[in-house]
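> Take my numbering: the last position of the sequence shown gets the number 669, and nothing is skipped along the way.
Below: one structure in C-alpha coordinates.
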Amino acid sequence: MNRSWQLGTGLLLTGLAGYVDALGFVRLGGLYTSFMSGNTTQFAVFGAEAKLQKMVMPAILIAAFLTGSVLGSGLAILVPSRWSTPVVLAYESLLILGGLALGLASPELGLAAFFVAVAMGAQNAVLAQVQGFRAGTTFVTGALFSLGQKIARALTRTGDPLGWIGDGLVWLSLLLGAFLGALAYDAFALYALIAPAAVSGVLALITAFLVLRAGQRTTKVEFP
(Lines of atoms letter the chains of each structure in order from A and count residues from 1; the text may use other names and numbers.)
(Lines give C-alpha, C1' and ligand atoms only; values in the text may rest on other atoms or scores of the structure.)
Protein backbone atom coordinates (compact mmCIF):
# COMPACT_ATOMS: atom_id res chain seq x y z
CA MET A 1 0.00 0.00 0.00
CA ASN A 2 1.40 3.37 -1.02
CA ARG A 3 1.54 6.57 0.98
CA SER A 4 -1.56 8.11 -0.64
CA TRP A 5 -3.65 5.05 0.20
CA GLN A 6 -2.44 5.09 3.80
CA LEU A 7 -3.26 8.78 4.19
CA GLY A 8 -6.70 8.31 2.63
CA THR A 9 -7.39 5.39 4.93
CA GLY A 10 -6.25 7.42 7.92
CA LEU A 11 -8.63 10.26 7.07
CA LEU A 12 -11.52 7.86 6.50
CA LEU A 13 -10.91 6.10 9.81
CA THR A 14 -10.65 9.45 11.59
CA GLY A 15 -14.04 10.36 10.17
CA LEU A 16 -15.36 6.96 11.25
CA ALA A 17 -14.07 7.55 14.79
CA GLY A 18 -15.81 10.93 14.87
CA TYR A 19 -19.02 9.30 13.63
CA VAL A 20 -18.88 6.66 16.36
CA ASP A 21 -17.95 9.20 19.03
CA ALA A 22 -20.99 11.30 18.15
CA LEU A 23 -23.21 8.22 18.53
CA GLY A 24 -21.69 7.51 21.93
CA PHE A 25 -21.92 11.14 23.05
CA VAL A 26 -25.63 11.35 22.26
CA ARG A 27 -26.54 7.90 23.58
CA LEU A 28 -24.40 8.04 26.73
CA GLY A 29 -25.20 11.61 27.68
CA GLY A 30 -21.79 13.20 27.21
CA LEU A 31 -19.41 10.24 27.25
CA TYR A 32 -17.33 8.92 24.36
CA THR A 33 -16.38 5.63 22.75
CA SER A 34 -13.13 6.93 21.25
CA PHE A 35 -12.13 10.24 22.88
CA MET A 36 -10.63 8.96 26.12
CA SER A 37 -9.33 12.37 27.26
CA GLY A 38 -12.95 13.44 27.64
CA ASN A 39 -13.88 10.27 29.52
CA THR A 40 -10.87 10.63 31.82
CA THR A 41 -11.88 14.21 32.65
CA GLN A 42 -15.46 13.10 33.33
CA PHE A 43 -14.19 10.27 35.54
CA ALA A 44 -12.05 12.69 37.57
CA VAL A 45 -14.86 15.26 37.92
CA PHE A 46 -17.33 12.62 39.12
CA GLY A 47 -14.71 11.39 41.57
CA ALA A 48 -14.13 14.87 42.95
CA GLU A 49 -17.88 15.26 43.38
CA ALA A 50 -18.10 11.84 45.07
CA LYS A 51 -20.58 10.64 42.44
CA LEU A 52 -19.35 7.07 42.53
CA GLN A 53 -22.17 5.63 40.45
CA LYS A 54 -21.48 8.07 37.61
CA MET A 55 -17.80 7.11 37.64
CA VAL A 56 -18.62 3.57 36.53
CA MET A 57 -19.41 4.16 32.85
CA PRO A 58 -16.37 6.35 32.03
CA ALA A 59 -14.18 3.81 33.83
CA ILE A 60 -15.70 0.97 31.77
CA LEU A 61 -15.19 2.88 28.52
CA ILE A 62 -11.56 3.70 29.37
CA ALA A 63 -10.90 0.05 30.27
CA ALA A 64 -12.63 -1.12 27.07
CA PHE A 65 -10.58 1.26 24.89
CA LEU A 66 -7.36 0.14 26.58
CA THR A 67 -8.33 -3.50 26.08
CA GLY A 68 -9.01 -2.82 22.40
CA SER A 69 -5.66 -1.09 22.05
CA VAL A 70 -3.87 -4.09 23.57
CA LEU A 71 -5.77 -6.60 21.42
CA GLY A 72 -5.47 -4.60 18.21
CA SER A 73 -1.76 -3.94 18.72
CA GLY A 74 -1.25 -7.59 19.63
CA LEU A 75 -2.91 -8.70 16.39
CA ALA A 76 -0.81 -6.23 14.40
CA ILE A 77 2.34 -7.63 16.02
CA LEU A 78 1.48 -11.32 15.69
CA VAL A 79 0.31 -11.42 12.06
CA PRO A 80 2.71 -10.77 9.15
CA SER A 81 3.19 -7.01 8.87
CA ARG A 82 1.57 -6.74 5.45
CA TRP A 83 -1.60 -8.34 6.84
CA SER A 84 -1.88 -6.25 10.00
CA THR A 85 -4.17 -3.58 8.50
CA PRO A 86 -6.80 -5.90 6.96
CA VAL A 87 -6.80 -8.18 10.01
CA VAL A 88 -7.28 -5.35 12.52
CA LEU A 89 -9.94 -3.69 10.35
CA ALA A 90 -11.84 -6.97 10.06
CA TYR A 91 -11.60 -7.40 13.83
CA GLU A 92 -12.91 -3.86 14.31
CA SER A 93 -15.86 -4.53 12.01
CA LEU A 94 -16.79 -7.70 13.90
CA LEU A 95 -16.59 -5.90 17.24
CA ILE A 96 -18.93 -3.14 16.07
CA LEU A 97 -21.40 -5.68 14.69
CA GLY A 98 -21.18 -7.61 17.96
CA GLY A 99 -21.84 -4.44 19.91
CA LEU A 100 -24.86 -3.68 17.71
CA ALA A 101 -26.32 -7.16 18.20
CA LEU A 102 -25.81 -7.15 21.97
CA GLY A 103 -27.01 -3.57 22.28
CA LEU A 104 -30.26 -4.40 20.51
CA ALA A 105 -30.73 -7.50 22.67
CA SER A 106 -29.94 -5.78 26.00
CA PRO A 107 -30.01 -2.00 25.49
CA GLU A 108 -30.05 -1.25 29.21
CA LEU A 109 -26.62 -2.82 29.84
CA GLY A 110 -24.56 -0.51 27.63
CA LEU A 111 -22.95 -3.48 25.84
CA ALA A 112 -22.92 -1.67 22.51
CA ALA A 113 -20.80 1.15 23.98
CA PHE A 114 -18.37 -1.34 25.53
CA PHE A 115 -17.77 -3.26 22.30
CA VAL A 116 -17.53 -0.11 20.20
CA ALA A 117 -14.94 1.34 22.60
CA VAL A 118 -12.93 -1.87 22.24
CA ALA A 119 -13.21 -1.50 18.46
CA MET A 120 -12.01 2.11 18.56
CA GLY A 121 -9.02 1.12 20.68
CA ALA A 122 -8.15 -1.56 18.13
CA GLN A 123 -8.54 0.90 15.26
CA ASN A 124 -5.68 3.00 16.58
CA ALA A 125 -3.35 0.07 15.85
CA VAL A 126 -4.04 0.77 12.16
CA LEU A 127 -3.71 4.53 12.44
CA ALA A 128 -0.42 4.19 14.32
CA GLN A 129 1.14 2.67 11.21
CA VAL A 130 0.74 5.87 9.18
CA GLN A 131 4.04 7.54 10.00
CA GLY A 132 4.05 11.30 10.48
CA PHE A 133 0.29 11.56 10.28
CA ARG A 134 -1.91 12.49 13.24
CA ALA A 135 -5.12 10.56 12.68
CA GLY A 136 -7.93 9.36 14.91
CA THR A 137 -9.76 11.25 17.65
CA THR A 138 -6.87 10.45 20.03
CA PHE A 139 -4.60 12.74 18.00
CA VAL A 140 -6.92 15.49 16.77
CA THR A 141 -5.96 18.00 19.47
CA GLY A 142 -2.32 17.51 18.48
CA ALA A 143 -3.28 17.81 14.82
CA LEU A 144 -5.07 21.09 15.53
CA PHE A 145 -1.98 22.48 17.27
CA SER A 146 0.17 21.25 14.39
CA LEU A 147 -2.23 22.96 11.97
CA GLY A 148 -1.74 26.29 13.72
CA GLN A 149 2.02 25.80 13.87
CA LYS A 150 2.26 25.01 10.16
CA ILE A 151 0.02 27.94 9.22
CA ALA A 152 2.36 30.21 11.19
CA ARG A 153 5.35 28.78 9.32
CA ALA A 154 3.57 29.25 5.99
CA LEU A 155 2.69 32.87 6.81
CA THR A 156 6.26 33.64 7.92
CA ARG A 157 7.72 31.75 4.93
CA THR A 158 9.76 29.49 7.19
CA GLY A 159 8.06 26.28 6.16
CA ASP A 160 6.09 24.52 3.43
CA PRO A 161 3.30 26.91 2.33
CA LEU A 162 0.95 23.94 1.93
CA GLY A 163 2.23 21.85 4.85
CA TRP A 164 -0.85 22.63 6.97
CA ILE A 165 -3.32 20.94 4.61
CA GLY A 166 -2.87 17.42 5.99
CA ASP A 167 -3.59 18.42 9.59
CA GLY A 168 -6.52 20.52 8.44
CA LEU A 169 -7.99 17.53 6.64
CA VAL A 170 -7.67 15.42 9.79
CA TRP A 171 -9.72 17.92 11.77
CA LEU A 172 -12.28 18.31 9.00
CA SER A 173 -12.68 14.55 8.65
CA LEU A 174 -13.41 14.26 12.38
CA LEU A 175 -15.88 17.16 12.15
CA LEU A 176 -17.71 15.67 9.18
CA GLY A 177 -17.77 12.20 10.71
CA ALA A 178 -19.22 13.51 13.99
CA PHE A 179 -21.84 15.55 12.11
CA LEU A 180 -22.94 12.50 10.11
CA GLY A 181 -22.92 10.34 13.23
CA ALA A 182 -25.25 12.68 15.08
CA LEU A 183 -27.64 12.76 12.11
CA ALA A 184 -27.51 8.98 11.76
CA TYR A 185 -28.26 8.33 15.43
CA ASP A 186 -31.19 10.73 15.31
CA ALA A 187 -32.60 8.81 12.34
CA PHE A 188 -31.63 5.21 13.08
CA ALA A 189 -30.59 4.97 16.76
CA LEU A 190 -28.32 1.94 17.32
CA TYR A 191 -28.78 0.76 13.73
CA ALA A 192 -26.50 3.67 12.79
CA LEU A 193 -23.62 1.38 13.84
CA ILE A 194 -24.14 -0.61 10.64
CA ALA A 195 -22.34 2.14 8.69
CA PRO A 196 -18.98 2.07 10.56
CA ALA A 197 -19.07 -1.74 10.64
CA ALA A 198 -19.58 -1.76 6.87
CA VAL A 199 -16.86 0.84 6.23
CA SER A 200 -14.23 -0.99 8.29
CA GLY A 201 -15.29 -4.32 6.74
CA VAL A 202 -15.03 -3.00 3.19
CA LEU A 203 -11.64 -1.42 3.98
CA ALA A 204 -10.49 -4.77 5.34
CA LEU A 205 -11.48 -6.49 2.08
CA ILE A 206 -9.86 -3.81 -0.09
CA THR A 207 -6.59 -3.85 1.86
CA ALA A 208 -6.56 -7.67 1.81
CA PHE A 209 -6.98 -7.58 -1.97
CA LEU A 210 -4.11 -5.08 -2.29
CA VAL A 211 -1.89 -7.29 -0.13
CA LEU A 212 -2.70 -10.34 -2.25
CA ARG A 213 -2.09 -8.45 -5.48
CA ALA A 214 1.24 -7.13 -4.21
CA GLY A 215 2.21 -10.68 -3.22
CA GLN A 216 1.41 -12.00 -6.67
CA ARG A 217 3.56 -9.32 -8.27
CA THR A 218 6.43 -10.16 -5.94
CA THR A 219 6.08 -13.85 -6.76
CA LYS A 220 6.21 -13.15 -10.49
CA VAL A 221 9.37 -11.11 -10.05
CA GLU A 222 11.13 -13.60 -7.81
CA PHE A 223 10.16 -16.73 -9.76
CA PRO A 224 10.04 -15.90 -13.46
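Backbone N, C-alpha and C fix where the C-beta goes; we use that ideal spot for every residue, glycine too.
1) Count the CB pairs spanning the segment 532–547 and the segment 625–643 that are closer than 8 Å, and state whether there are at least three.
2) Assign Ser538 to buried or exposed, taking buried as 16 or more other Cβ atoms, counted over all protein chains shown, within 10 Å of its Cβ.
3) Going by other Cβ atoms of all chains shown within 10 Å of its Cβ, with 16 needed for buried, is Leu468 buried or exposed?
4) Assign Ser529 to one of three DSSP states: helix, strand, or coil.
5) In chain order, what are the residue ranges of uninterrupted alpha helix (DSSP H) at least 4 long that sit wholly in the segment 604–640?
6) Return the CA-CA distance between Leu427 and Arg658, expressed in angstroms with no decimal places.
7) Return helix, strand or coil for Ala521, following the three-state DSSP convention.
8) I want to see whether chain B comes within less than 8 Å of Ala597, judged by CB atoms only; does it?
9) Whose C-alpha, out of Val571, Val490, Ala562, Phe510, is nearest the C-alpha of Thr530?
10) If you draw a straight line from the alpha carbon of Leu614 to that of Leu456, how long is it in whole angstroms?
11) If we ignore side chains and look at the alpha-carbon of each, how far apart do Ala503 and Thr485 end up?
12) Rounded to the nearest angstrom, what separates Gln594 and Leu452 at their Cα positions?
13) Do Val585 and Leu619 have their C-beta atoms closer together than 8 Å?
14) Just tell me which of Gly463, Leu461, Val471 has its CA closest to the CA of Ala632.
15) Nearest by alpha-carbon distance to Gln568: which of Leu592, Phe480, Trp609, Leu556 is it?
16) Would you mind giving the Cβ-Cβ distance between Val465 and Thr478, rounded to the nearest angstrom? I have them listed as a contact below 8 Å.
17) Check this for me: beta carbons of Ala521 and Val533, under 8 Å apart or not?
18) Following the continuous alpha helix (DSSP H) through Leu589, name the residue where it begins and the one where it ends.
19) Leu572 lies in the alpha helix (DSSP H); which residues open and close that run?
20) CB-CB under 7 Å to Ala634, same chain, minus the five flanking residues each way: which ones, in chain order?
21) Could you tell me whether the Cβ atoms of Ala535 and Gly646 are closer together than 8 Å?
In brief:
1) yes
2) For the purposes of this step, residue 538 is taken as the residue at position 93 of the sequence shown. Buried is the call here.
3) Start at 1 with the first residue of the sequence shown, and residue 468 comes out as number 23. So Leu468 counts as buried.
4) Here the question's residue 529 lines up with position 84 in the sequence shown. It is helical.
5) 610–633
6) Outside the displayed range of the chain (446 to 669) lies residue 427, so it cannot be described from this structure.
7) Here residue 521 is taken as the residue at index 76 of the sequence shown, counted from 1. Helix at Ala521.
8) Annotation note: the requested chain B is absent from the structure, which comprises a single protein chain.
9) Numbered from 1 along the sequence shown, position 85 holds the residue referred to as residue 530. The shortest Cα separation from Thr530 among Val571, Val490, Ala562, Phe510 belongs to Val571.
10) Residue mapping note: residue 614 aligns to position 169 of the sequence shown, counting from 1. Residue mapping note: residue 456 aligns to position 11 of the sequence shown, counting from 1. Using only the alpha carbons, I get a separation of about 7 Å.
11) Translated into positions along the sequence shown, residue 503 becomes position 58. Translated into positions along the sequence shown, residue 485 becomes position 40. The sequence shown places Pro at residue 503, rather than the Ala named in the question. Between Pro503 and Thr485, the C-alpha separation is close to 7 Å.
12) Translated into positions along the sequence shown, residue 594 becomes position 149. Translated into positions along the sequence shown, residue 452 becomes position 7. Whole-angstrom Cα-Cα distance: 20 Å.
13) For the purposes of this step, residue 585 is identified with residue 140 of the sequence shown, where counting begins at 1. For the purposes of this step, residue 619 is identified with residue 174 of the sequence shown, where counting begins at 1. For Val585 and Leu619, yes; Cβs fall inside 8 Å.
14) In the sequence shown, residue 632 corresponds to position 187, counting from 1. It is Val471.
15) As a working mapping, residue 568 is identified with position 123 in the sequence shown. Ranking the options by Cα distance to Gln568, first place goes to Phe480.
16) As a position in the sequence shown, residue 465 is number 20, starting the count at 1. As a position in the sequence shown, residue 478 is number 33, starting the count at 1. Indeed, because the Cβ distance is near 5 Å, the residues count as touching under 8 Å.
17) As a working mapping, residue 521 is identified with position 76 in the sequence shown. As a working mapping, residue 533 is identified with position 88 in the sequence shown. Yes; because the gap between Cβ atoms is below 8 Å, this pair is in contact.
18) As a working mapping, residue 589 is identified with position 144 in the sequence shown. It spans 585–600 - the alpha helix (DSSP H) in which Leu589 sits, taken as one unbroken run.
19) Here residue 572 corresponds to residue number 127 of the sequence shown, with the count starting at 1. Looking at the DSSP string, the run of the alpha helix (DSSP H) that includes Leu572 is 556–572.
20) Here residue 634 refers to the residue found at position 189 of the sequence shown. Excluding sequence neighbours, Ala634 sits near nothing in its chain.
21) Position 90 of the sequence shown holds residue 535. Position 201 of the sequence shown holds residue 646. Cβ atoms of Ala535 and Gly646: closer than 8 Å.
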